[in-house]
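Residue numbers (the working numbering), protein chains in the order written: chain A, 400 to 525; chain B, 400 to 525.
All C-beta atoms in this analysis are idealised placements derived from N, C-alpha and C, irrespective of residue type, glycine included.
One structure is given below, encoded as structure tokens.
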């Protein structure tokens, strides 16, 4: 259900939650919980997709249909518990940013038209 | 100038550009150009910070004071050339999403107040 590494989001506007984190050395339970949270998020109403990578810093971006969908996920009991454990054990620091995606552009190699000019999808007022 | 792995952004609202990409196997010039682009971006008016990680997918988020600052950086001649080379050589696919950050929350371990309750900074209408 998270098979595409670049989330196949619809035309803007939609919403993004950027979660940037620095881990502690505590590994216990982290991987399982991170996987479980993505699985749970993907089952929430309004979830559109997610992207994730970690090197020095970890960045997970999840995409949502509406601010209401983000609020509902934030209040999900299992997610609340995981965040508490994250603050206690797994993270040295993190920042969560809630955003409105106003426009986006895509590119895929092999599509000649796209190679010449990336697809630009803008909202009328952008 | 990008010393903090979590970008020290000001209170919202501000703007984010989420660049998610899949690389080709072409390495030639990529690292130098990626580094140069971050350096150049950091010198642009309105640049607030950036965060980056790559595993299966690469995610770079840059933060900006205004949509005008993002547009000006998009039109920077060296950046335009780098994007063309990116589409020709370095990327199988990418997506660029331009966002307004409406609220954010931070956490740092060791700060007891923050441990008990993460800092919540919201804009009045969020």
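query: Ranges of the alpha helix (DSSP H) found wholly within the region 400 to 475 of chain B, counting only runs of at least 4; result: 429 to 441 and 466 to 474
query: Range covered by the beta strand (DSSP E) that runs through residue 496 of chain A; result: 490 to 507
query: Contact with chain A by residue 503 of chain B, beta-carbon distance below 8 angstroms; result: yes
query: Cα-Cα separation, residue 423 of chain B to residue 403 of chain A; result: 16 angstroms
query: Supposed close pair residue 458 of chain B, residue 464 of chain A - CB separation, criterion 8 angstroms; result: That pair is no contact at about 21 angstroms.
query: Stretch pair the region 465 to 480 of chain B + the region 468 to 476 of chain A: three plus CB contacts closer than 8 angstroms; result: no
query: Residue-level contact to chain A via CB, residue 401 of chain B, 8 angstroms cutoff; result: With a pLDDT of 49 at residue 401 of chain B, under the threshold of 50, the modelled position of this residue cannot be trusted; read the value that follows with caution. Answer no: the Cβ-Cβ gap between residue 401 of chain B and chain A never drops below 8 angstroms.
query: Any 3 or more C-beta pairs closer than 8 angstroms across the region 477 to 488 of chain B and the region 498 to 505 of chain A; result: no
query: Neighbour flag for residue 512 of chain A against chain B, beta carbons, 8 angstroms; result: Its pLDDT being 48, under 50, residue 512 of chain A is placed unreliably in this model, and the value from its coordinates should be taken loosely. So, not an interface residue.
query: Nearest residue (CA-CA) to residue 409 of chain A, options A/491, A/445 and A/487; result: A/445
query: Cβ-based contacts, 9 angstroms cut-off: residues of the region 416 to 442 of chain B near chain A; result: 417, 419, 420, 421 and 423
query: Chain B within 8 angstroms of residue 445 of chain A, Cβ atoms only; result: no
query: Backbone secondary structure at residue 513 of chain B - three-state DSSP; result: In this prediction, residue 513 of chain B has a pLDDT of 49, which is less than 50 and means its spatial position is unreliable; nothing more can be read from the coordinates.
query: Option nearest residue 405 of chain B by Cα separation, candidates B/495, B/428 and B/447; result: B/447
query: Contacts that residue 456 of chain B makes with chain A (C-beta to C-beta distance below 8 angstroms); result: 404, 405, 450, 451 and 452
query: Neighbouring residues, chain B, relative to residue 507 of chain A (Cβ below 8 angstroms); result: 491 and 492
query: Same chain only: Cβ atoms within 7 angstroms of residue 452 of chain B, ignoring 5 sequence neighbours per side; result: 458
query: Distance between residue 437 of chain B and residue 443 of chain B (C-alpha atoms, nearest Å); result: 10 angstroms
query: With 16 other Cβ atoms within 10 Å as the buried cut-off, status of residue 430 of chain A; result: exposed
query: CA-to-CA distance, residue 454 of chain A to residue 494 of chain B, given in whole angstroms; result: 20 angstroms
query: Same chain, Cβ closer than 7 angstroms to residue 413 of chain B, five either side skipped, listed in chain order; result: 447, 462, 463, 464 and 500
query: 6 angstroms Cβ shell around residue 432 of chain B - same chain, five flanking residues per side excluded; result: 481
query: From A/487, A/503 and A/505, residue whose alpha carbon lies closest to that of residue 426 of chain A; result: A/487
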